[in-house]
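Asks:
Numbering (this note's numbering), first residue to last: 10 to 292.
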């Protein structure tokens with residue numbers, strides 16, 4: 010018999026304590042924004058820069074989902090060390106801290122330097138099974154925020170190549186792999202390569218955007234309500250400078266064009282943003 014929430018004995022205790030031990034780190038002194046904020050809504054960035062408390066803080070289930078990525082990285086650590094022990098063609102540095110623009114910071118998963126002097130940034134991302142299928146089978150590639158974050162990191166250290174690696178939490182089935190011509194490793198792991206010419210304009214545009222938002226809050230004394238609900242310049246889902254007009258459901262509008270994005274329903278400031286939107290007379 011499936012135990013209902015009131016009669017569970019163990020799993021809720023384990024999950025809750027695990028979530029408590031995986032709280033997000035505090036903002037380092039002297040910095041204003043993180044690389045992990047890449048491609049986020051400008052209003053979300055403004056709320057964070059202003060030190061606002063989330064109206065929709067992460068639940069235990071969302072912390073679990075996001076924390077699985079760290080677990081996978083920890084499991085792979087021995088494999089990385091074993092690889093390096095037997096491969097003298099590259100030198101590697103793990104968890105490199107970098108400055109982004111004037112006030113941003115981030116942590117690169119792996120930086121590799123080859124014997125011929127090439128510098129490579131490797132960012133590993135875990136992803137759910139559906140997202141992985143869309144990336145591989147439908148040719149969508151990595152999610153936009155992963156590309157923007159990785160681009161900023163590669164730009165920060167003047168890398169020659171950015172590699173985005175996906176590790177799926179669910180394998181593509183053997184039948185689908187055969188249908189789409191995917192090899193064994195490709196059923197759960199893939200990577201995309203971006204040259205300096207490709208990642209540099211993405212990085213520069215996003216650093217300028219995040220610096221501008223943070224400066225508006227820190228230096229100009231503006232409030233989050235002064236910052237439009239816009240996304241990054243290269244976002245494939247919402248054309249810049251379109252704005253979210255209904256954060257309750259993610260509706261955006263740019264002149265006569267309109268559409269919806271999924272991000273609003275996963276935003277930890279959604280209720281606050283909806284309330285502010287009503288104050289602004291938009292909903």
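Built from N, CA and C at the ideal position, the CB exists for glycine as well.
Being a predicted model, the structure only gives us computed values, none of them experimental.
Does the distance from the C-beta atom of residue 158 to that of residue 48 stay below 9 Å?
Replies: Yes, the Cβ-Cβ distance between residue 158 and residue 48 is below 9 Å.
Asks: Name the residue from 203, 238, 44 whose alpha carbon lies nearest to the alpha carbon of residue 109.
Replies: 44
Asks: By DSSP, does residue 164 sit in helix, in strand, or in coil?
Replies: helix
Asks: Determine which residues share a DSSP beta bridge with residue 174 and list them.
Replies: 133, 200
Asks: Mind checking who residue 252 pairs with in its DSSP beta bridge?
Replies: Partner(s): 262.
Asks: Alpha helix (DSSP H) containing residue 21: first to last residue?
Replies: First-last of the alpha helix (DSSP H) with residue 21: 20-29.
Asks: Just confirm the distance between the C-beta atoms of residue 252 and residue 238, as a whole number of angstroms; I'd bet it's less than 8 Å.
Replies: Residue 252 to residue 238, Cβ: 5 Å. Contact.
Asks: For residue 131, collect the residues of the same chain with a Cβ closer than 7 Å to its Cβ; drop the 5 residues on either side in sequence, then sort them by chain order.
Replies: 118, 119, 121, 172, 174
Asks: Using the three-state DSSP reduction, which class does residue 146 fall into: helix, strand or coil?
Replies: coil
Asks: Rounded to whole angstroms, how far is the Cβ of residue 169 from the Cβ of residue 216, which I believe are closer than 8 Å?
Replies: Rounded, the Cβ-Cβ distance is 19 Å, inconsistent with contact.
Asks: Look at the Cβ atom of residue 235, then the Cβ atom of residue 64, and state whether they are nearer than 9 Å.
Replies: no
Asks: What is the residue span of the beta strand (DSSP E) that residue 103 lies within?
Replies: 99-109
Asks: With a 10 Å radius around its C-beta and 16 neighbouring C-beta atoms as the bar for buried, classify residue 247 as buried or exposed.
Replies: buried
Asks: For residue 77, report the span of its alpha helix (DSSP H) as first-last.
Replies: 69-94
Asks: Are the segment 13-32 and the segment 71-86 touching, with three or more C-beta to C-beta distances below 8 Å?
Replies: yes
Asks: Counting only the same chain and skipping the five closest in sequence on each side, list residues whose C-beta sits under 6 Å from that of residue 232.
Replies: Around residue 232: no qualifying Cβ.
Asks: Just confirm the distance between the C-beta atoms of residue 50 and residue 272, as a whole number of angstroms; I'd bet it's less than 8 Å.
Replies: In this structure residue 50 touches residue 272 by the C-beta definition: roughly 6 Å separates them, less than 8 Å.
Asks: From 123, 264, 209, pick the residue whose C-alpha is nearest to that of residue 97; which is it?
Replies: 123
Asks: If distances are taken between C-alpha atoms only, which option among 249, 224, 269, 241 comes closest to residue 41?
Replies: 224
Asks: Would you mind giving the Cβ-Cβ distance between residue 86 and residue 164, rounded to the nearest angstrom? I have them listed as a contact below 8 Å.
Replies: With 8 Å as the limit, residue 86 and residue 164 do not qualify as a contact, their Cβ atoms being about 26 Å apart.
Asks: Beta-carbon within less than 8 Å of residue 154's beta-carbon, same chain only, minus the 5 sequence neighbours each way: which residues are those?
Replies: 47, 48, 49
Asks: Who are residue 42's beta bridge partners in DSSP?
Replies: 113
Asks: If you run the structure through DSSP and keep just helix, strand and coil, what is residue 268?
Replies: strand
Asks: Which residues in the same chain as residue 180 place their Cβ atom closer than 8 Å to its Cβ, once the five residues preceding and following it in sequence are excluded?
Replies: Only residues of its own chain outside the window of five on either side were considered, and among them 138, 196, 197 have a CB closer than 8 Å to the CB of residue 180, listed in chain order.
Asks: To the nearest angstrom, how far is the alpha carbon of residue 3 from that of residue 161?
Replies: Residue coverage of the chain in this structure runs from 10 to 292, which leaves residue 3 outside it and unanswerable.
Asks: Restricting to Cα atoms, I'd like to know which of 145, 268, 219 is closest to residue 187.
Replies: 145
Asks: The alpha helix (DSSP H) spanning residue 279 covers which residue range?
Replies: 279-288
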